[in-house]
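Notes to accompany the following structure.
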Amino acid sequence: MSPVDVPIGLLTELRNFHASRPLLLDQHLPGLLLRRLPWGAPNRYFAWRIPTHRTDLPGCEAEICLKLHTGTPQRASIEMRALDHVANAVTAAPRVLWQDRHRRVPVTAMTLLVGDAVPRRRAPVHEALRSIAAVLGQVRALPLGPFAAIPRARSLAESLEATTRIWPATLINAPAEHGINAEMLTLLGEWRDTDDCDILAEPAPVILSPGNSDLDQWLWDSSTRSVHLVDWESAGCSDTAFDAADLVEHPSVRTHSDDDWMAVLPELGVYDETTYRRFRAARRLLALYWLSELWDQRGERPMAFADQRDRTRSLLKPTRV
Numbered sequence: 022m023s024p025v026d027v028p029i030g031l032l033t034e035l036r037n038f039h040a041s042r043p044l045l046l047d048q049h050l051p052g053l054l055l056r057r058l059p060w061g062a063p064n065r066y067f068a069w070r071i072p073t074h075r076t077d078l079p080g081c082e083a084e085i086c087l088k089l090h091t092g093t094p095q096r097a098s099i100e101m102r103a104l105d106h107v108a109n110a111v112t113a114a115p116r117v118l119w120q121d122r123h124r125r126v127p128v129t130a131m132t133l134l135v136g137d138a139v140p141r142r143r144a145p146v147h148e149a150l151r152s153i154a155a156v157l158g159q160v161r162a163l164p165l166g167p168f169a170a171i172p173r174a175r176s177l178a179e180s181l182e183a184t185t186r187i188w189p190a191t192l193i194n195a196p197a198e199h200g201i202n203a204e205m206l207t208l209l210g211e212w213r214d215t216d217d218c219d220i221l222a223e224p225a226p227v228i229l230s231p232g233n234s235d236l237d238q239w240l241w242d243s244s245t246r247s248v249h250l251v252d253w254e255s256a257g258c259s260d261t262a263f264d265a266a267d268l269v270e271h272p273s274v275r276t277h278s279d280d281d282w283m284a285v286l287p288e289l290g291v292y293d294e295t296t297y298r299r300f301r302a303a304r305r306l307l308a309l310y311w312l313s314e315l316w317d318q319r320g321e322r323p324m325a326f327a328d329q330r331d332r333t334r335s336l337l338k339p340t341r342v
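Per this note's numbering, the very first residue in the sequence shown carries number 22; after that it's consecutive.
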């Protein structure tokens, strides 16, 4: 589909909804031939049934995916570059049809992927995790290309900054709350007593990463017994051990046990003492990172905060892998 075929009227209406009635973007819009897809937060994804008179346009399917970059508009160009870069090597990625680079709400049109989010579908555990590992392996094998100097979203450097500087300062300056803040500072102190920062400061081979460990963005396709990744806007450079730890520690993966993940570690690129040592250090850092995020949401999500606190304590024990 060429730029002249971008449905400007439809996109204008959707941007008007975003500005004045944003909740409309969280539901189906049959009058606009749009079906809301249940993934992609904080952005919005729709399946758009192309009007009959447009189905003969080159590159079109009967239904395509429209992604409204309502949450992270600044990363729309990153996603476009990532999908172009992996197009011929990674079958789990959608194919870009066009992108309308509006300043506030860019929109990307791509092929519609089949499947349901891995946690919702309750996909076969070992098959799903091995399929995810296979996709990440395909991405790792690619040259860095345009991402040689672009870190993935929530990179190692950003995670360290958040955990070693931003969160401690926030805890110190926040009102005391039944000893919770003091307990968080104690956990941070225990982590600083490890050699994790030194390990993570050691050089590691740089690889290309999709940057997305949220299993709600990975779709299990039962017909092909494989996964697709719908969201590529977090792509950038990283290292293998950090990426594996980010996947294992993301809150969305708690539907799978640690033993399930440990079984696919070699396929995730963690297969020797060097990468395993770095992986363990990155796990502890990321457990603290997610604890900081859930500390901020403890009023709305008290159980998730309590679970993450227990997990972090367990990972900080010297005997824990």
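Idealized CB from N, CA, C, for every residue including glycine.
With respect to the beta strand (DSSP E) encompassing residue i, which residues constitute its N-terminal and C-terminal limits?
| i | result |
| --- | --- |
| Q120 | 117-121 |
| A154 | No beta strand (DSSP E) holds A154; the alpha helix (DSSP H) holding it covers 146-161. |
| A68 | 65-70 |
| R57 | 55-57 |
| L236 | Careful: L236 lies outside any beta strand (DSSP E) and carries neither H nor E. |
Counting only the same chain and skipping the five closest in sequence on each side, list residues whose C-beta sits under 8 Å from that of residue i.
| i | result |
| --- | --- |
| A195 | N202 |
| T91 | H39, P43, L46, P63, N64, R65, V126 |
| A325 | P272, L315, Q318 |
| Q238 | W60, G61, A138, L250, V251, D252 |
| A197 | A203 |
| E223 | R299 |
Assuming residue i is part of the alpha helix (DSSP H), what are its boundary residues?
| i | result |
| --- | --- |
| A130 | No alpha helix (DSSP H) holds A130; the beta strand (DSSP E) holding it covers 128-132. |
| G166 | Unbroken run through G166: none, as it is neither H nor E. |
| E211 | 201-213 |
| E7 | No answer is possible for residue 7: the residues shown for the chain start at 22 and end at 342. |
| I193 | 188-194 |
| I171 | Here I171 belongs to no alpha helix (DSSP H), and DSSP marks it neither H nor E. |
| N109 | That residue, N109, is in no alpha helix (DSSP H); it is neither H nor E in DSSP. |
| H39 | 29-41 |
| P287 | Note, P287: premise wrong, no alpha helix (DSSP H); not H, not E. |
| P323 | 323-337 |
Please return the same chain residues whose Cβ sits closer than 7 Å to the Cβ of residue i, not counting the five positions on each side in sequence.
| i | result |
| --- | --- |
| V285 | L150, R151, A154 |
| R173 | S230, G232, S255, A256, G257, C258, S259 |
| K302 | What sits at residue 302 in the sequence shown is Ala, not Lys. Once the five neighbours on either side are set aside, the close Cβ partners of A302 are D217, I220, L221. |
| R56 | H49, F67, A68 |
| T276 | P140 |
| H343 | The chain is shown from 22 up to 342; residue 343 falls before or after that span and cannot be answered. |
| Q159 | A110, V111 |
| A262 | A225, V291, T296, R299, F300, A303 |
| D77 | Legend: pLDDT at D77 = 49, less than 50; position of this residue unreliable, value from coordinates given subsequently. Correct list: empty, nothing qualifies. |
| W311 | E270, P272, Q329 |
Verify whether the separation of the beta carbon atoms of residue i and residue j is less than 7 Å.
| i | j | result |
| --- | --- | --- |
| L133 | I85 | yes |
| A161 | I228 | At residue 161 the sequence reads Arg, which differs from the Ala that was named. Yes. Within cutoff. |
| A110 | L157 | no |
| A144 | W241 | yes |
| W346 | V269 | The structure shown has nothing for residue 346, since the chain only spans 22 to 342. |
| L337 | E179 | no |
| V248 | W60 | no |
| D121 | V27 | yes |
| A265 | L307 | no |
| E148 | R246 | yes |
| L206 | L192 | yes |
| V274 | L309 | no |
When DSSP builds the beta bridges, which residues end up paired with residue i?
| i | result |
| --- | --- |
| D242 | S247 |
| G257 | S230 |
| C218 | Partner(s): none; C218 has no beta bridge. |
| I85 | W69, T132 |
| T50 | Note that residue 50 is Leu in the sequence shown here, rather than Thr. L55. |
| A138 | L240 |
Tell me which residues share the same chain as residue i and place their Cβ nearer than 6 Å to its Cβ, disregarding the 5 neighbours each side in the sequence.
| i | result |
| --- | --- |
| L96 | In the sequence as presented, Leu is not what sits at residue 96; that position holds Arg. Here the set comprises E254. |
| D293 | none |
| P115 | M131, T132, L134 |
| S234 | D267, L268, H271 |
### Task
Evaluate contact between the stretch 208-220 and the stretch 278-297, counting only Cβ atoms and requiring at least three cross-stretch pairs below 8 Å.
no
### Query
So, do the stretch 248-261 and the stretch 162-181 have three or more beta carbon pairs nearer to each other than 8 Å?
yes
### Query
Would you call the stretch 119-133 and the stretch 91-107 in contact, with 3 or more CB pairs under 8 Å?
yes
### Query
Is the number of C-beta pairs between the stretch 320-329 and the stretch 180-191 that are closer than 8 Å three or more?
no
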